[in-house]
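Read through the structure below, which is laid out as structure tokens, and then see the notes.
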Amino acid sequence: MSHQQRFLLIGAMLIAMALAMPSRVCALEPTPGYQTIQRAFLREDFEQVTLLAENFLGHYQHVPETPRVWLWLALSLDKLQRSNEALTQFDSLKTHLAPSSVFWPEVLFWEADVSRRAFQMLRAKQAYQRLLTQYPASSWATQAQLGLGLVLLHQQAFETALGYFHETAVRQAAAPEALDALLFEGLCNLQLGRWTDAVAILQPLLDRLQDPQGIAQAAFYLGESLSGLKRYEEAMLAYQRALTAAEASRWGRLSQFGLAWAEYQRGRCQESIDGFERYLHLKGTDEHVVEALFAQGSCLIRVGREQDALARFDRILSSYPKHPLVLESGLTMAELYRRDERLDEAHELLHAMLRWPLLDELARAKVQLRLGAVALEEGNAAKAKTIFELATHSDERTVRQAAYSGLGDVQMFLGNLTEAQAQYQQAMELAADPSLVTYATYQAARIDLQLGQTERAMAVFQQMASSADAALADDAQLAIVIAYLNQREEGLAHGLLERLRRERAGTVTAARASYYDAVLALGDGDQPTAERLCQEAIQFAPRTDEAFEARLLLVNLQTREAAPDAMEKALTRWYEAGRLPRSQRGKLAKRLGDMARVRQAYPEAIQWYDNAAQLAPSISQEAAYRIASCYEEVSDLDRAMQWYGRVTQPPWRVRSQLALAKLLERQDRPAAAEAIYAQLAEESIPEAELARERLTALRQAKPQDGSRVQ
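In the numbering used here, the protein residues as written are 207 to 916.
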């Protein structure tokens, strides 16, 4: 039963009460003025009732009609939104009533009802409980039981409230109150996270309801319960039913929010953005505005409209500074600034947040952790590491978990993949925040993919691809595409990309997928399609690694018919423009180093590789290997060996060790070379067989008479 139905029922009870006559009045003439007050009450002229009733009570304190008139006075004051005065009249009436008066159950019920609607919950609770304890057989008891449940619901004592609602629904199954009780029993289950129980109550209840407001309310609760079960398509049907029943009602407005939220959870970002826009423009929208802005901002990020997203989060910070989502909004803004290389603005915002007066220790730690991420983006790995290491000593498990993930990011930034994996493993083991576990698991799988552990990485990505988190599922599916391409399974890659571009049309994910499709198109000899797809990635996912690689590919395609140095000049201009994130500038410097090395401009190549290592330490090991090879090409073997010796991280360590061993052989230092080959021969690596062959050859070549090997 909806709140409107409940008010109609109360209205009917008031009319019945107005028509009820004490036994003396049935036999004798009523006290003068009584019927005039009765008629005023029936026509809802509550101002007139208060004037007449006060006059009546001033003259007749001890007539049979006195309790009824006093009750009309209290209820009229309540209707006039003078609830405190109404409750004062209830106090006076109770002192006047004899202990044996038949009016007690009725007076207690209305006192409780007025108190509840005036949010004086303790008084309401006491009155309901007194009625149920002293007059359990009264006709008012069922309504009192329902009212007590509503008080407990308001106090968020959901488990206790549920018991009252359930008992009312079972004992009074045929009464109108049973529908109210079932509705609120479903709501209690919803609030307790017992979504399956809530659905089991609310679905059949909908078929019993007739009033549009009641249908809308129950359908909204059903939609929320189905959303809790992640059954978003069914939830959307429930929300739509609520909108159809009473679009302009509170429940219709909330259902519009629910529809947009379900689209958001399904990863249908444009539909979600449009849905939240409709919700925010509804008349009477006064709930969940911040939640709508936050979700809309999150979707705008996913479709590449980051400036529009920043406007939503900034509105939350400026207009709703005390809302619980203001912290996450600020952190998200800082993250957007970080991605866009607006690091000064990120610092300014985060330090301003640290000065917020209501910031608790957990919130402060989250801000500090984001400052660590900004420091890492600036290339200050030492500062970032210090911030994250300090956070590992926090009393909060979630903070420690985030700190270990941050330390994993630092090691990834430095190119220390093994150390990074160890830090991510610690984050997974803490298991305080499922989203952080997921992030650490995803990063560890990426490392497996880089280290050639494709099968293990694929198992993780395939599991994540079915996640209810659409953003995570998209990242996992793109990682699977990379694995397919590495394994030369172009058909599987094409099928997955086609599905991603269809299901995520209009999102950054679809634009990222365009780059991999461009690679496949180029493999098929279709250069025009490859160029078009590269342009899509650059335009709609501009800050992503895929857009960077797409531009590299596009420059290559557009300069292949030009002069031999045309591509190198184009990339140099791009690098010097300075509009790329540090990591991408590092990759570009490394590519320019490769080009310089090909044309044997070794000093220039070494300079490019050195720049690359400083900008993007994650490629510093490869850069060191390339620098060593440049020195080897110019026969500066001592420097070459020094640089090969600096490479300690996979996958470049093995290549560097083999190159170093060969140089040692060239320098007639077989013992040192043999030690390297012996170590590699014991490792579980593809190059172990080659190392064993060289080790055998060296040992066989050892002179038996002490003469030197030629």
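Note that the Cβ used here is the ideal one computed from N, Cα and C, for glycine as well.
Check	Outcome
Residue from Thr592, Leu354, Ser345, Gln340 with nearest C-alpha to Lys331	Leu354
Neighbourhood of Thr854 by C-beta, 8 Å cutoff - its chain only, sequence neighbours within 5 removed	Gln827
Backbone secondary structure at Ser504 - three-state DSSP	helix
Residues near Ala822 by beta carbon distance below 7 Å, same chain, minus five either side	Arg788, Ser789, Gly792, Lys793
Contacts around Arg603, its chain only, beta-carbon distance under 7 Å, and the 5 residues preceding and following it disregarded	Leu636, Ala638
Same chain, Cβ closer than 7 Å to Gln397, five either side skipped, listed in chain order	Phe364
Buried versus exposed, by CB contacts within 10 Å (16 or more), Ala903	exposed
Contact under 8 Å by Cβ, Ser433 with Ala422	no
Arg561 in three-state terms, based on DSSP	coil
Residue from Arg414, Gln361, Leu358, Val405 whose Cα sits closest to the Cα of Ala379	Arg414
beta-carbon Glu774 near the ligand NAP non-hydrogen atom, thresh 7 Å	Ligands in the displayed structure: none, and consequently the ligand NAP is not present.
Sequence-distant residues of its chain with Cβ nearer than 7 Å to Ala246 (five each side left out)	Gln254, Val255, Leu258
Ala887 and Ala894 closer than 8 Å at C-beta	yes
Of the listed residues Leu531, Leu533, Leu556, Val532, nearest to Tyr543 (C-alpha basis)	Leu556
The region 650-666 touching the region 623-630, judged by at least three CB pairs closer than 8 Å	yes
Assumed close pair Ser461, Tyr445 - CB separation to whole angstroms, cut-off 8 Å	4 Å
With 16 other Cβ atoms within 10 Å as the buried cut-off, status of Asp844	exposed
Chain-order list of residues whose beta-carbon lies under 6 Å from that of Ala384 (same chain, five-residue window excluded)	Ala375, Gln378
Cβ-based neighbour list, Arg447, same chain, cut-off 6 Å, excluding 5 preceding and 5 following	Ala425
Selection from Ala818, Gln668, Ala719 that minimises the alpha carbon distance to Gly621	Ala818
Status (buried if at least 16 other CB within 10 Å, exposed otherwise) for Arg705	exposed
Alpha carbon of Phe463 to alpha carbon of Glu497, nearest angstrom	9 Å
Whole-angstrom distance between Val761 and Glu767, CA atom to CA atom	11 Å
Continuous beta strand (DSSP E) assignments of at least 3 residues falling wholly in the region 565-598	none
Where Leu531 falls: helix, strand or coil (DSSP)	coil
Start and end residues, alpha helix (DSSP H) containing Phe463	456-471
Coarse secondary structure for Thr256, derived from DSSP in three states	helix
Among Pro382, Gly510, Gln502, Val509, nearest to Arg521 - alpha-carbon criterion	Gln502
Extent of the continuous alpha helix (DSSP H) run through Phe364	364-377
Alpha-carbon to alpha-carbon, Trp467 and Asp403	22 Å
CB-CB length for Gly729 against Glu696, believed under 8 Å	7 Å
Alpha helix (DSSP H) segment containing Ile825, residue limits	Looking at the DSSP string, Ile825 is not in any alpha helix (DSSP H), and its letter there is neither H nor E.
His265 classed as buried or exposed, judged by whether at least 16 other C-beta atoms fall within 10 angstroms	exposed
Simplified DSSP state of Glu893, which is helix, strand or coil	coil
Neighbour-count burial assignment, Asn395, 16 or more Cβ in a 10 Å radius	buried
Cα-Cα separation, Tyr427 to Ile891	58 Å
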